[in-house]
RNA sequence: GGGCAGUUGGCGGAGUGGUCAAUCGCACUUGACUGUAAAUCAAGCGCCCUUGCGGCUACGUAGGUUCGAAUCCUACACUGCCCA
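Numbering (the UniProt record's numbering), first residue to last: 1 to 396.
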């Protein structure tokens, strides 16, 4: 039996969006779905029971981080990722490719993978920031300096796949290079060609057939490279696809549409690391089935909470005596039991419960939002829902 | 009544003749965070002008010494501890 079974239940009229069902060895995922990030085999601050209770269907962990600690052998001896962390449900692992970017170029450059209008220029101090990089890339693979203890490690596509097979998630990703949004067309072209060679090597190295391997489309901001990449990755016969890399905020949606027009329709597509509210709507409309993002959980720990009206800063002093839920009508555990005043107090006192309650709220919010998108596809109200929701939601 | 110590920006607390509008922490405000090196990071925080190695008022109060005082002197006020 194939590791994965994906069926499309309903298509969005006049767009690429669809609602589907993804069957994995550890359970079913109704798509589109938001995948909480649990980098180190834990969704920070929550128990797996809590993650499940807030509505999440699947969790994403990270190969690089689990390789460094506790080590893939330990995870394997612990029964594999989902058992080791006492989750039991569907899981996926990212290949470590993103760390090529986040520990490499992004470090010291103050650059994120999504380029906003105000930052379309190259950083000056290339030389200086070179010192802070923990990564160097060559044709064979990537050499990392551990951010934990400074030890040197080497990742190749083969190694990433071998580690991911030890970790044992239901869905694993090909090893790719995530580049900066600032690089030139020529550099991007060279990069995707390498990513393509790595994709092929990842595929050839993959032996565990109870795990589904997803190929990753790159190409950055350049439409023709994106299309070329989607075509190439599609032809390698993966069981699903990741849409990775960096974007220009302004044309992310057109790029995603282009990629999904090119990818085969009958296989699942996962948009890697995207999770702002507007982006989720645009992605779903353009045929994305899965999203993961560190944003809701990180924002939660930083006191930034999602509400239907926009982001809400829980740390502000004017919350001190607001004895009302973070969001009226929200069905999450936090909102049904606690007030802004209390959660604010927890944040100001640096109490651990603050992070838990905030994370529960943010994940519930975003998981349910994508669930509602799915429901709206099913009953043909997606566009109305999108319009209504976004007219109310403002990014702080 | 006597002795000693102290009084600094919203709070705590540095500074003890010049580059001090005043270290630092807290509080406060704002910004950032998108396949998690993030329970993190950045900026601001006397008043005024968008401006500037700008102007003004400032370190209990009032005087004084000095080219120059938060820093030295005098008096006063208040606070804490000790002796009566």
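Virtual Cβ for every residue (Gly too), placed ideally from N, Cα, C.
query: Taking the alpha-carbon positions, what's the residue 250 to residue 101 distance?; result: 21 Å
query: Give me the Cβ distance between residue 20 and residue 380, rounded to the nearest whole Å; I'm assuming they're in contact under 8 Å.; result: With a Cβ gap of about 16 Å, residue 20 and residue 380 do not count as contacting.
query: How about residue 378 and residue 386: do their beta carbons lie closer than 9 Å?; result: no
query: Under DSSP, the alpha helix (DSSP H) around residue 231 begins and ends at which residues?; result: 223 to 235
query: In angstroms, rounded to a whole number, what distance separates the CA positions of residue 55 and residue 87?; result: 13 Å
query: Helix, strand or coil for residue 19, going by three-state DSSP, please let me know.; result: strand
query: Just to confirm my understanding: we take residue 105, look at its own chain, exclude 5 residues before and 5 after, and list those with CB closer than 6 Å. What are they?; result: 180
query: What distance in whole Å lies between the Cβ atoms of residue 148 and residue 93, which are believed to be in contact at a cut-off of 8 Å?; result: Not quite, the Cβ-Cβ distance comes to about 19 Å (not below 8 Å), so this is no contact.
query: Rounding to the nearest angstrom, what Cα-Cα distance links residue 261 and residue 209 in this structure?; result: 27 Å
query: Measuring only the C-alpha atoms, how far is residue 23 from residue 170?; result: 10 Å
query: Secondary structure at residue 204, three-state DSSP: helix, strand or coil?; result: helix
query: With a cut-off of 8 Å, do at least 3 Cβ pairs link the stretch 293 to 313 to the stretch 37 to 44?; result: yes
query: Look up residue 30 in the DSSP assignment and give the residues it is bridged to.; result: 21
query: For residue 3, tell me which candidate among 26, 11, 311, 16 has the shortest Cα-Cα distance.; result: 26
query: Could you spell out the range, first to last residue, of the beta strand (DSSP E) harbouring residue 100?; result: That residue, residue 100, is in no beta strand (DSSP E); its alpha helix (DSSP H) goes 97 to 100.
query: May I ask you to list the residues that DSSP assigns as paired with residue 337?; result: Bridge partners of residue 337: none, in fact.
query: Use the C-beta contact count for residue 128: other C-beta atoms within 10 angstroms, 16 or more gives buried, fewer gives exposed.; result: No answer about residue 128 holds up, because its pLDDT of 44 lies below 50 and its placement is not dependable.
query: If we ignore side chains and look at the alpha-carbon of each, how far apart do residue 63 and residue 157 end up?; result: 12 Å
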